[in-house]
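Chemist: Encoded as structure tokens, here's the structure I'll be asking about.
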Amino acid sequence: MIRSYILWGVILVSILVGCTSETHTDETSTTAISSVSALNYGVLTTYPHDATLFTEGLLMYKGKLYESTGSPSELQQTRSLVGVVDLANGKMEEKIELDRNKYFGEGIVFLHDKLYQLTYRTKIGFIYDATTFKQIGTFTFPSSEGWGFTTDSTALIMSDGSNKLTYLNPKSFKVEKVLSVIENGNPVTNLNELEYINGFIYANVYTTNFIVKIDPGTGKVAGRLDFSTLVYDAKAKNPSALEMNGIAYDSTRNTVYITGKFWPVIYEVKINN
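Here the sequence shown is numbered in the working numbering, starting from 39 and rising by one per residue.
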């Protein structure tokens with residue numbers, strides 16, 4: 039979000055990770071704050087990432103990795119873009135750019151041959167043809183802010199920084215459902231970047247190094263992933279790196295790509311459920 043470049047230093051050392059192999063978890067830290075299962079993962083490989091991009095969304099579509107970025111007014115070098123990421127060199131092939139004087143780009147999702155894009159505080163979303171990337175419409179949403187975006191192949195699912203996930207009808211954009219996300223009976227706020235993976239919603243928890251696995255039927259957190267090791271590694275490579283904010287599932291490889299704002303690297307990981 040727009041405040042992220044200020045907050046990262048405060049939370050940089052909030053969670054320490056003990057890790058001596060390619061499989062990562064932090065059961066001690068997780069147990070201290072939650073009885074939800076700590077999921078582990080293994081890093082398969084890394085790819086370069088353009089460290090000038092203020093990442094707001096990441097997803098795979100038809101074998102290509104797409105990224106959306108934002109443009110905080112305080113960071114004049116940033117742009118609100120949507121494009122295809124070349125994993126060989128980390129560069130983005132730009133497809134869409136919003137006027138940064140009017141809009142702050144947020145999460146994206148593809149559904150039914152259309153690309154949908156949220157904006158931060160204007161309560162407006164954009165619709166594009168998924169092949170030509172020509173804008174073909176707009177929509178409004180009820181939340182005061184737009185953050186993350188995903189789909190269960192039926193509805194558009196958005197986050198707004200609270201513990202609520204809002205399901206929108208992709209034709210009428212009316213609210214079909216609001217899912218309250220809870221962990222041990224408590225709301226999980228700051229839900230940000232979203233990805234729908236094998237029947238669960240994975241959500242980046244803003245200002246933390248955690249991604250939570252959410253049961254869309256109940257809203258309960260079914261698991262928690264601690265990516266502190268990756269966050270620290272990215273920030274060691276680029277001291278200007280900010281929060282983790284990219285989750286993309288590759289169904290053909292059954293792996294997940296993880297990156298963040300101003301990160302110089304994309305990590306391909308295998309989540310062990």
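In this text, a Cβ means the ideal position worked out from N, Cα and C, and glycines have one as well. None of these values were measured; they are calculated from a predicted model.
Which full runs of the beta strand (DSSP E) of 3+ residues lie inside the stretch 177-210, going along the chain?
Modeler: The stretch 177-210 contains these whole beta strand (DSSP E) runs: 187-189, 194-197, 202-206.
Chemist: When DSSP labels each residue in this structure, what does Y244 get in the three-state scheme?
Modeler: Reduced to three states, the DSSP call for Y244 is coil.
Chemist: If distances are taken between C-alpha atoms only, which option among S197, L77, E112 comes closest to A241?
Modeler: Of S197, L77, E112, the residue nearest in Cα terms is S197.
Chemist: Which residues bound the beta strand (DSSP E) around A286?
Modeler: Here the beta strand (DSSP E) through A286 covers 282-288.
Chemist: Starting from the C-beta of F164, find all residues in its chain whose C-beta is less than 7 Å away, skip the five residues before and the five after it, and write them out in chain order.
Modeler: Result list for F164: Q155, Q173, T176, in chain order.
Chemist: Using C-beta distances below 6 Å, list every residue in its chain close to Y305, excluding the 5 sequence neighbours before and after it, in chain order.
Modeler: Only V81, T84, L268, I296 meet the Cβ criterion.
Chemist: Just list the beta strand (DSSP E) runs in the stretch 103-138, keeping only unbroken ones of 3 residues or longer that don't cross its boundaries, in chain order.
Modeler: Runs found: 119-123, 130-135.
Chemist: List the residues that DSSP assigns as beta-bridge partners of E231.
Modeler: None; E231 has no bridge partner.
Chemist: State the DSSP-derived secondary structure class of A168, mapped to helix, strand or coil.
Modeler: Of the three classes helix, strand and coil, the one that applies to A168 here is coil, per DSSP.
Chemist: Hey, would you say I309 sits closer than 8 Å to L96, going by beta carbons?
Modeler: It is not a contact, given that the beta carbons lie outside the stated cut-off.
Chemist: Nearest-angstrom Cα distance between D264 and L113?
Modeler: Straight-line Cα distance between these residues: approximately 28 Å.
Chemist: Please work out which residues of its chain come closer than 8 Å, Cβ to Cβ, to G145, disregarding the five sequence neighbours upstream and downstream, and give them in chain order.
Modeler: If we look at G145 and ignore the five residues flanking it on each side, its Cβ neighbours are E94, G95, S106, Q155, L156, G184, W185, G186, F187, T188, M196, S197, E231, L232.
Chemist: How should V294 be labelled, buried or exposed, when 16 other C-beta atoms within 10 angstroms of its C-beta is the threshold for buried?
Modeler: Buried: at least 16 other Cβ atoms inside 10 Å.
Chemist: Return the CA-CA distance between P277 and P302, expressed in angstroms with no decimal places.
Modeler: Approximately 10 Å between the Cα atoms of the pair.
Chemist: Please report how far the alpha carbon of K258 lies from the alpha carbon of G223, in whole angstroms.
Modeler: Approximately 8 Å between the Cα atoms of the pair.
Chemist: Name the two residues that bound the continuous alpha helix (DSSP H) containing A279.
Modeler: Counting along the chain, A279 falls outside any alpha helix (DSSP H), and DSSP gives it neither H nor E.
Chemist: Looking at L217 and L203, is the spacing between their C-beta atoms short of 8 Å?
Modeler: Contact flag set, yes.
Chemist: Can you check DSSP and say which residues form a bridge with N224?
Modeler: E221, per the DSSP bridge assignment.
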